[in-house]
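Undergrad: Mind looking over this structure? Questions follow.
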Amino acid sequence: MDAQTTTEALAQLQANIDIVWTCLAAFLVFFMQAGFAMVESGFTRAKNTVNILMKNLMDFSIGSIAFFLVGFGLMFGATNGLFGTTDFALSGVDWAGADWDFTFLLFQTVFAGTAATIVSGAMAERTRFKSYIVYSVFICAFIYPVFGSWAWGGLGSGGGWLEGMGFVDFAGSTVVHSVGGWLALAGAIVLGARIGKYGPDGKARAIPGHNMALAALGVFILWFGWFGFNPGSTTIGDGEIGRIALTTNLAAAMGAIAAMTASWLISKKPDGSMALNGALAGLVGITAGCYSVSGYGAMAIGAVAGVLVVLSVLFIDRVLRIDDPVGAVSVHGVCGAWGTLAVGLFAIDGGLFYGGGLHQLGVQVVGVLTAFGWAFGLGLVMFYLVKKTVGLRVTRKQELRGLDVGEHGMEAYSGFQIFTTS
Amino acid sequence: MKLVIAYIQPEKLNDVKQALYEKDIKRMSVTNALGCGQQMGYQETYRGVDI
Numbered sequence: 001m002d003a004q005t006t007t008e009a010l011a012q013l014q015a016n017i018d019i020v021w022t023c024l025a026a027f028l029v030f031f032m033q034a035g036f037a038m039v040e041s042g043f044t045r046a047k048n049t050v051n052i053l054m055k056n057l058m059d060f061s062i063g064s065i066a067f068f069l070v071g072f073g074l075m076f077g078a079t080n081g082l083f084g085t086t087d088f089a090l091s092g093v094d095w096a097g098a099d100w101d102f103t104f105l106l107f108q109t110v111f112a113g114t115a116a117t118i119v120s121g122a123m124a125e126r127t128r129f130k131s132y133i134v135y136s137v138f139i140c141a142f143i144y145p146v147f148g149s150w151a152w153g154g155l156g157s158g159g160g161w162l163e164g165m166g167f168v169d170f171a172g173s174t175v176v177h178s179v180g181g182w183l184a185l186a187g188a189i190v191l192g193a194r195i196g197k198y199g200p201d202g203k204a205r206a207i208p209g210h211n212m213a214l215a216a217l218g219v220f221i222l223w224f225g226w227f228g229f230n231p232g233s234t235t236i237g238d239g240e241i242g243r244i245a246l247t248t249n250l251a252a253a254m255g256a257i258a259a260m261t262a263s264w265l266i267s268k269k270p271d272g273s274m275a276l277n278g279a280l281a282g283l284v285g286i287t288a289g290c291y292s293v294s295g296y297g298a299m300a301i302g303a304v305a306g307v308l309v310v311l312s313v314l315f316i317d318r319v320l321r322i323d324d325p326v327g328a329v330s331v332h333g334v335c336g337a338w339g340t341l342a343v344g345l346f347a348i349d350g351g352l353f354y355g356g357g358l359h360q361l362g363v364q365v366v367g368v369l370t371a372f373g374w375a376f377g378l379g380l381v382m383f384y385l386v387k388k389t390v391g392l393r394v395t396r397k398q399e400l401r402g403l404d405v406g407e408h409g410m411e412a413y414s415g416f417q418i419f420t421t422s
Numbered sequence: 423m424k425l426v427i428a429y430i431q432p433e434k435l436n437d438v439k440q441a442l443y444e445k446d447i448k449r450m451s452v453t454n455a456l457g458c459g460q461q462m463g464y465q466e467t468y469r470g471v472d473i
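Here it is in structure tokens:
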């Protein structure tokens with residue numbers, strides 16, 4: 001072979017490795033849906049299990065269709081300055097071919113699905129199923145893709161103003177997790193607390209989840225899936241995969257350790273549910289900076305996220321009195337914002353602690369605030385409109401008996417004796 | 423035949439069965455009950471909140 005043929009063959013091989021790796025990563029991120037389903041089932045009561053599983057199944061299924069038809073074009077099509085206007089449903093692509101866009105769309109679909117599914121946990125045990133379906137369409141067809149186009153549009157045929165400023169959110173601490181987390185916050189506020197969550201004196205009561213084994217399985221599945229979420233976001237099959245997987249793992253581990261320690265110090269016992277949330281907090285935190293920080297930076301980001309998630313859960317529960325059964329707002333909203341800001345501190349190239357000054361941090365702040373304004377603001381409007389039209393909440397009777405019987409006419413543990421006093 | 427009704431801690435069930443078996447007493451019904459006695463229950467917490 002002459003040199004030119006060799007070069008072409010190598011390029012072809014690398015392109016195929018990129019496709020194989022990106023598809024594999026997409027499959028791992030898809031599996032995170034199972035993780036979310038298990039975490040949310042485990043952290044809520046047995047009488048609402050079918051409902052939360054159905055929400056997880058439907059937000060991904062409906063989200064996949066909505067993102068294919070509408071969302072992808074808004075996010076990655078040629079932009080008009082605010083959102084993309086081409087590439088809807090991959091228009092113009094050769095359906096008999098092997099275009100990169102097939103792989104790219106699948107990879108982006110599972111990310112949109114992740115943002116969508118974050119909300120179901122915060123709105124668990126009291127939301128009308130029909131209303132949740134309406135929300136699923138809106139997030140994947142509009143809210144997520146438009147913000148995504150500002151930060152990530154350049155990965156496709158677009159290009160957004162945030163990425164133009166130099167905003168760094170490698171795998172989506174803000175684009176995916178904070179957007180999902182702030183929507184979850186809006187949903188939980190408009191919806192109100194579960195019956196019995198707050199006493200007549202306004203004091204928060206515990207409503208224990210029904211299965212810590214499922215919750216732990218879910219967290220391990222999410223941790224596993226994150227090895228696709230972060231390292232896959234290079235969409236290139238080379239040695240950087242290993243580096244990103246390592247920073248991801250270090251942050252997750254420190255998140256779990258720090259959250260356990262914080263809960264041990266604050267409430268005298270190492271709380272299992274908080275430690276599990278801590279691992280997720282570390283993972284969400286490192287998602288923005290996984291490409292640009294060192295191992296020490298990753299551990300610091302994870303440790304802060306672990307402490308932050310415990311404080312945030314207690315603050316939202318006791319001070320703000322917003323009922324978030326699984327801690328979705330704290331894990332995804334708060335730690336997503338922290339992780340995005342942390343890029344401005346810990347990035348080896350441009351971070352404040354590495355002599356890069358305040359510029360990157362300032363840009364990160366703009367991105368974090370924009371995400372909050374967009375997702376929380378639109379979330380409030382959307383959930384308020386749903387409340388006034390379809391109705392957001394089940395009846396008191398349905399809530400007390402459980403959404404499984406009221407909304408789906410079936411029980412998750414039929415034939416098992418479940419004793420409940422709440 | 424005598425009928426004995428006894429409330430015991432769940433973890434003592436096997437000991438009680440063994441002791442009765444040694445005395446050649448082999449018929450019993452067991453059922454679960456919730457409540458508290460002299461130990462006044464025990465304290466559980468969930469996500470930093472007392473139950």
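Each protein sequence line maps, in turn, to chains E and V. So for the first sequence, my numbering puts the first residue at 1; every next one is plus one. So for the second sequence, my numbering puts the first residue at 423; every next one is plus one. Even for Gly, the Cβ is constructed at its ideal location relative to N, Cα and C.
#1: Output the distance between the C-alpha atoms of E/G377 and E/D59, rounded to the nearest integer angstrom.
#2: Should the region 433-446 of chain V be called in touch with the region 72-81 of chain E, which here means at least 3 C-beta pairs below 8 Å?
#3: Would you say E/L246 lies against chain V (beta-carbon separation less than 9 Å)?
#4: Using a Cβ cut-off of 9 Å (strictly closer), state whether V/Y468 contacts chain E.
#5: Quick check: what's the CA-CA separation for E/A96 versus E/F83?
#6: Express the C-alpha separation of E/A37 and E/T44 in angstroms, rounding to a whole number.
#7: Alpha carbon to alpha carbon, how far is E/I195 from E/R396? Give it in angstroms, no decimals.
#8: Which one of E/L276, E/L246, E/D238 has the shortest CA to CA distance from E/G42?
#9: Where do the N-terminal and C-terminal ends of the alpha helix (DSSP H) with E/W21 fall, by residue?
#10: Per DSSP, which one or two residues make a beta bridge with E/T247?
#11: Relative to the C-alpha of E/P325, which residue among E/A98, E/G121, E/N51 is closest?
#12: Whose C-beta lies closer than 8 Å to the C-beta of E/G187 among residues of the same chain, with five residues either side of it excluded?
#13: Spell out the partners DSSP gives E/A204 in its beta bridges.
#14: Strictly below 8 Å CB to CB, what residues from chain V border E/V313?
#15: Using a Cβ-Cβ distance under 9 Å, would E/G97 count as near chain V?
#16: Shortest alpha-carbon distance to V/I427 belongs to which of V/D446, V/Y443, V/I473, V/T453?
#17: Between the alpha carbons of E/Q360 and E/L341, how many angstroms are there, rounded?
#18: Contact criterion: CB-CB distance below 9 Å. Does V/I430 meet it with respect to chain E?
#19: Which residues share a DSSP beta bridge with E/G84?
#20: Are E/S64 and E/G113 closer than 9 Å when you measure CB to CB?
TA: A quick look at the data gives this:
#1: Here residue 377 of chain E is taken as the residue at index 377 of the first sequence, counted from 1. Here residue 59 of chain E is taken as the residue at index 59 of the first sequence, counted from 1. Distance between the alpha carbons of E/G377 and E/D59 is about 21 Å.
#2: no
#3: For the purposes of this step, residue 246 of chain E is taken as the residue at position 246 of the first sequence. Answer no: the Cβ-Cβ gap between E/L246 and chain V never drops below 9 Å.
#4: As a working mapping, residue 468 of chain V is identified with position 46 in the second sequence. Yes, its Cβ sits closer than 9 Å to a Cβ of chain E.
#5: Within the first sequence, the letter at position 96 stands for residue 96 of chain E. Within the first sequence, the letter at position 83 stands for residue 83 of chain E. So the alpha carbons of these two residues sit roughly 29 Å apart.
#6: Sequence index remark: in the first sequence, residue 44 of chain E carries index 44 (1-based). Sequence index remark: in the first sequence, residue 37 of chain E carries index 37 (1-based). Cα to Cα, the separation comes out at about 11 Å.
#7: Position 396 of the first sequence, counting from 1, holds the residue named residue 396 of chain E. Position 195 of the first sequence, counting from 1, holds the residue named residue 195 of chain E. Answer to the nearest angstrom: the Cα atoms are 8 Å apart.
#8: Taking the first sequence and counting its residues from 1, one reaches residue 42 of chain E at position 42. Comparing Cα-Cα distances from E/G42 to each of E/L276, E/L246, E/D238, the minimum goes to E/L276.
#9: Residue mapping note: residue 21 of chain E aligns to position 21 of the first sequence, counting from 1. E/W21 -> alpha helix (DSSP H) spans 3-42.
#10: Your numbering for residue 247 of chain E matches position 247 in the first sequence. Beta-bridge pairing links E/T247 to no other residue.
#11: Mapped onto the first sequence, residue 325 of chain E falls at position 325. With distances taken between Cα atoms, E/P325 lies closest to E/G121.
#12: Taking the first residue of the first sequence as 1, we reach residue 187 of chain E at position 187. Taken in chain order, the residues that qualify are V119, A122, M123, T127, Y135, G379, F383.
#13: As a working note, residue 204 of chain E is residue 204 in the first sequence. E/A204 is bridged to E/Y198.
#14: In the first sequence, counting from the first residue as 1, residue 313 of chain E sits at position 313. Simply R469, G470.
#15: Looking up residue 97 of chain E in the first sequence gives position 97. E/G97 does not count as touching chain V.
#16: What you label residue 427 of chain V is simply residue 5 of the second sequence in a count that begins at 1. When only C-alpha atoms are compared, the closest one is V/T453.
#17: In the first sequence, the residue the question calls residue 360 of chain E occupies position 360. In the first sequence, the residue the question calls residue 341 of chain E occupies position 341. Rounded to whole angstroms, E/Q360 to E/L341 spans 9 Å at the Cα level.
#18: Within the second sequence, numbered from 1, the residue matching residue 430 of chain V stands at position 8. Chain E, which has no Cβ nearer than 9 Å to the Cβ of V/I430, makes this no.
#19: Position 84 of the first sequence holds residue 84 of chain E. DSSP lists E/T79 as partners of E/G84.
#20: Locating residue 64 of chain E in the first sequence gives position 64, where the first residue counts as 1. Locating residue 113 of chain E in the first sequence gives position 113, where the first residue counts as 1. Cβ atoms of E/S64 and E/G113: closer than 9 Å.
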